[in-house]
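Residue numbers (my numbering), protein chains in the order written: chain C, 2 to 159; chain A, 553 to 1146.
Glycine residues also receive a C-beta, built at the ideal position from the N, C-alpha and C atoms.
Each remark here refers to the structure printed beneath this line.
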Amino acid sequence: MKLESQTQNIARAVKRVCDEYHSRREKLLQILEELNELYGYLSEYVMKEVAKNLDMQVSEIYGVATFYSFLNTKPKGKNIIRLCQTVSCELAGKQRIANALENELGIRFGETTPDGMFSLEYTNCIGMCNQGPAMLINDDVYYNLDPEKAVDIVEKYH
Amino acid sequence: MPNMLAVCINGKECEVEFGTTILEAARKMNIHIPTLCYHDDLCLSGICRICLVEVDGEKTLQAACSAPITRPLHIRTHTEKVRKARRNILELMLSNHYGECYTCFRNQNCELQKLAKEYGVDSLRFGHVELPRHTKDTSSRSIIRDMDKCILCRRCVRTCHDFQGVGALEAAFRGIDTEIQTFLDHPLGDAVCINCGQCINRCPTGALRERDRSDEVWNAIDDPQKIVVMQTAPAPRASIGEEFGLPPGTSITRKLNTALKMVGFDYVFDTNFAADLTIMEEGTELLTRLKDFIVDKKPVSLPMITSCSPGWVKYCEHYYPDYLPHLSTCKSPQQMFGSLIKTYFAQKIKVDPKNIMVVSLMPCVAKKYESDRPEMSASGFKDVDYALTSRELAQMIKETGIRVTDLEDSDFDSPLGLGSGAGLIFGATGGVMEAAIRTVYEIITGEEVPFENLNVIPVRGMDGIKEAEISFQKTKEDWKFLEGKTLRVAIAHGTANAKKIMDKVASGEAQWHFIEIMACPGGCLGGGGQPIPTNENIRKARAKAIYDEDSHLNIRKSHSNPQIQMLYNEFLDHPNSKKAHKLLHTTYTRRGKI
Chain C
2 MKLESQTQNI ARAVKRVCDE YHSRREKLLQ ILEELNELYG YLSEYVMKEV AKNLDMQVSE
62 IYGVATFYSF LNTKPKGKNI IRLCQTVSCE LAGKQRIANA LENELGIRFG ETTPDGMFSL
122 EYTNCIGMCN QGPAMLINDD VYYNLDPEKA VDIVEKYH
Chain A
553 MPNMLAVCIN GKECEVEFGT TILEAARKMN IHIPTLCYHD DLCLSGICRI CLVEVDGEKT
613 LQAACSAPIT RPLHIRTHTE KVRKARRNIL ELMLSNHYGE CYTCFRNQNC ELQKLAKEYG
673 VDSLRFGHVE LPRHTKDTSS RSIIRDMDKC ILCRRCVRTC HDFQGVGALE AAFRGIDTEI
733 QTFLDHPLGD AVCINCGQCI NRCPTGALRE RDRSDEVWNA IDDPQKIVVM QTAPAPRASI
793 GEEFGLPPGT SITRKLNTAL KMVGFDYVFD TNFAADLTIM EEGTELLTRL KDFIVDKKPV
853 SLPMITSCSP GWVKYCEHYY PDYLPHLSTC KSPQQMFGSL IKTYFAQKIK VDPKNIMVVS
913 LMPCVAKKYE SDRPEMSASG FKDVDYALTS RELAQMIKET GIRVTDLEDS DFDSPLGLGS
973 GAGLIFGATG GVMEAAIRTV YEIITGEEVP FENLNVIPVR GMDGIKEAEI SFQKTKEDWK
1033 FLEGKTLRVA IAHGTANAKK IMDKVASGEA QWHFIEIMAC PGGCLGGGGQ PIPTNENIRK
1093 ARAKAIYDED SHLNIRKSHS NPQIQMLYNE FLDHPNSKKA HKLLHTTYTR RGKI
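Listed below in structure tokens is the structure:
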């Protein structure tokens, strides 16, 4: 019974978001972004419901969801750390930051901490090339990082 | 008058319409530009870059397939820059391509291999994949995916989504991680795949292929206990010659009979016979539904839709499960045939059906799935043991060293070897409809269809959706309720067109009584199991071969087939009898869309 009402809630939420965009195919990205925000990731069920609402093939939804790195098809940590891996940040010392983050969190890039608090990922350029190395935590930008500073910042999110 | 532009390719001049692509212009001038992701049947993609050409005034090389001509242009197609770029592209593709050509079923029919030769790739400059990185997906009864051979041209994706409107395959992830996947990378056997196999026919490499059953068939042939019966469908006979170097549209029906006997099949029968039987059963079913509706005012499912195409049946089960009652309950000719061989024919030759193996030659990959359906065993035995595609059978014949083209003609065996022209044209889109009209009209009025030479022209041709009307005058006593009434029919081929028809049926806008739907473009002759390549011109050539053969036959109406009459007299009593229902009709399964 409980599970059923949960799926019904999700279906309703997906419908609400799709309706907001008049269930138009060209609004798919916005719809997925909103649902990604709402649930932290796009589950199999959510993708199927979106397909139903937009009268699209679910494989198309899946293709879009996997194409964009800010959309997740698997559950992620509460906070997502994205370290810039592009050339200027690389030259400014990205690797040291990466090592410090891995040490601090005890996970590798692409993984999520067992308590579900942090996911660690690389991202391509976030436009902070003159102030690298840079990273994003959720929607916040941090730049001019050094290993100590990076660890201090992450601690604030605990 | 459209805006014409002067184009000069390699020094040759020509005028083309504004917006013509460079590739189209070059083809018009008979200048060869290589292509890979481009396919005549599919929308443009422009991703493989093999068709790059040099255009004066442009900084970079342009992809000829997708670059429209919008100003007078000077184009060169084989400068050093172009040649180097093409070779580079091929070397990069090969650096990601696992598999040895000599163990690949597309050996000597592979577009990647052909291009590598054409552009002189003589070393693997960027390395080579040493070990497979994917496991083959063998979950489907019909189609095997080997992603190690995939070059990401996305022809299969465009075929599945746009050409067929199915959408089982999609490009997932991005950049170096890109892969062609089903939804969440589920096994293909669990996906919405309808097994039409059109993707196999479009794949430039060996990444997609049918589940090969030829080893099992060889085992049966080699087993002295087993009587191996072959039935050949109409479409492969007009196409299998292509595998032996004949031009498209060369029908080799009778030579093939000789070859099949030499290969070791004990009996060679004609699926057209079962097609005639299908017409008797399906035609009777249609008339019964019409009578129930008009005379008895019973609620019946109209329009009635054909069920010969297993790809279409599975499409309907996935996408229009509420309309399954509209499908004719008739099995496809392949399955009817199998069930008759294991009952009627087994009794005739006094052999235990367990020692009979039924093998069918089909233009179709979905027939493999159909023959494996659990409900297809009304006789207590599997109706059809193995369904082979035209490609698999051609391979088997090649293994024997038989030169089909040099053989004498021979006839089909009796008593299930006589098919009418009506059964023959099942192989082309509109064929089932034409065959049905020839018979139904005569049952109702006692006269032949009012078309010259029985050729029901409105239902022929390659239009995606065709419509026709037939009105009944001077009806016979039993069919007086149809006097002056008009039968409205529609035909669709390719499931993308089927969707259009079904949406009209669903909205109630449709006024049709009878609809023929084939999953593959062009009907069976464009099937997923047919020789590669297939395109519009090849389909037209095959269709012409089939209609030509029909026009030269003596028996061209299903109900005039004496062997069909004999079958009803000896075994089935009358069309839609209880026995016929048990052996020749089936049920369908509701499936999810996802």
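Considering only C-alpha positions, which residue in the set the options is nearest to residue i?
{"i": "A/His713", "options": "A/Ile703, A/Glu569 and A/Cys748", "result": "A/Cys748"}
{"i": "A/Asp592", "options": "A/Thr631, A/Met581 and A/Glu576", "result": "A/Glu576"}
{"i": "A/Ile1069", "options": "A/Asp700, A/Gly1016 and A/Pro926", "result": "A/Gly1016"}
{"i": "A/Lys1018", "options": "A/Val1041, A/Asn661, A/Leu1006 and A/Asn809", "result": "A/Val1041"}
{"i": "A/Leu1039", "options": "A/Ala1020, A/Lys1051, A/Ala1050 and A/Lys1056", "result": "A/Ala1020"}
{"i": "A/Gly969", "options": "A/Asp828, A/Ile857 and A/Cys656", "result": "A/Asp828"}
{"i": "A/Ser1112", "options": "A/Phe1024, A/Leu740, A/Gly973 and A/Gln1025", "result": "A/Gly973"}
Does chain A have any CB closer than 8 Å to the CB of residue i?
{"i": "C/Ser60", "result": "yes"}
{"i": "C/Phe110", "result": "no"}
{"i": "C/Thr67", "result": "yes"}
{"i": "C/Gly41", "result": "no"}
{"i": "C/Tyr63", "result": "yes"}
{"i": "C/Glu5", "result": "no"}
{"i": "C/Glu50", "result": "no"}
{"i": "C/Glu45", "result": "yes"}
Using beta carbons (cut-off 8 Å, strictly below), is residue i in contact with chain C?
{"i": "A/His713", "result": "yes"}
{"i": "A/Arg726", "result": "yes"}
{"i": "A/Leu721", "result": "yes"}
{"i": "A/Phe978", "result": "no"}
{"i": "A/Leu736", "result": "yes"}
Who are the near neighbours of residue i in its chain, counting only those whose CB is closer than 6 Å to its CB and skipping five residues on each side?
{"i": "A/Gly672", "result": "none"}
{"i": "A/Leu1124", "result": "Lys1131 and Ala1132"}
{"i": "C/Arg97", "result": "Pro148"}
{"i": "A/Ala980", "result": "Gly1075, Leu1077, Ala1095 and Ile1098"}
{"i": "A/Ile641", "result": "Arg601 and Ile602"}
{"i": "A/Ser891", "result": "Ala930, Ser931, Asp935 and Leu1135"}
{"i": "A/Tyr896", "result": "Phe1123"}
{"i": "A/Val769", "result": "Val911 and Tyr938"}
Quick check on residue i: buried or exposed, where buried means 16 or more other Cβ atoms within 10 Å of its Cβ?
{"i": "A/Gly835", "result": "buried"}
{"i": "A/Gly932", "result": "exposed"}
{"i": "A/Arg1091", "result": "buried"}
{"i": "A/Gln886", "result": "buried"}
{"i": "C/Glu50", "result": "buried"}
{"i": "A/Arg697", "result": "buried"}
{"i": "A/Ile847", "result": "Note on residue identity: the sequence assigns Val, not Ile, to residue 847 of chain A. It is exposed - the Cβ of A/Val847 has fewer than 16 other Cβ atoms within 10 Å."}
{"i": "C/Val88", "result": "exposed"}
{"i": "A/Gln1082", "result": "buried"}
{"i": "A/Asp822", "result": "buried"}
{"i": "A/Gly1060", "result": "exposed"}
{"i": "C/Ser6", "result": "exposed"}
{"i": "A/Asp874", "result": "exposed"}
{"i": "A/Gly1144", "result": "exposed"}
{"i": "A/Lys633", "result": "exposed"}
Which residues in the same chain have their Cβ closer than 7 Å to the Cβ of residue i, if we skip the five residues on either side of it in sequence?
{"i": "A/Ala619", "result": "Thr573 and Ile574"}
{"i": "A/Ala615", "result": "Gly598, Arg601, Cys603 and Leu604"}
{"i": "C/Asp20", "result": "none"}
{"i": "A/Glu670", "result": "Pro586"}
For residue i, collect the residues of the same chain with a Cβ closer than 8 Å to its Cβ; drop the 5 residues on either side in sequence, then sort them by chain order.
{"i": "C/Met48", "result": "Val59, Ile62, Tyr63, Ala66 and Thr74"}
{"i": "A/Ile703", "result": "Leu588, Cys600, Met645, Asn648, His649, Leu664, Pro756, Thr757 and Ala759"}
{"i": "A/Ala946", "result": "Ile792, Glu795, Phe796 and Pro1083"}
{"i": "A/Ile1214", "result": "Nothing about residue 1214 of chain A can be read from this structure; chain A reaches only from 553 to 1146."}
Please go through the segment 685 to 716 of chain A and give each complete beta strand (DSSP E) segment of 3 or more residues, from N-terminal end onward.
695 to 697
Which ranges would you report for the beta strand (DSSP E) in the segment 873 to 915 of chain A if only whole runs of at least 3 residues count?
908 to 914
Mind listing, in chain order, the continuous alpha helix (DSSP H) runs of no fewer than 4 residues lying wholly within the segment 60 to 137 of chain C?
88 to 92 and 95 to 106
Contiguous alpha helix (DSSP H) assignments of at least 4 residues, all confined to the segment 1035 to 1092 of chain A
1047 to 1059
Write down every uninterrupted run of the beta strand (DSSP E) in the segment 731 to 792 of chain A whose length is 3 residues or greater and which is fully enclosed by it, in chain order.
731 to 733, 760 to 762 and 779 to 784
As an exercise, report each continuous alpha helix (DSSP H) stretch of at least 4 residues that is fully enclosed by the segment 605 to 650 of chain A, in chain order.
632 to 647
Beta strand (DSSP E) runs contained entirely in the segment 2 to 27 of chain C, provided each spans 3 or more residues:
none
For the segment 910 to 974 of chain A, which segments carrying the alpha helix (DSSP H) assignment without a break, of at least 4 residues, lie completely within its bounds, in sequence order?
918 to 924 and 942 to 952
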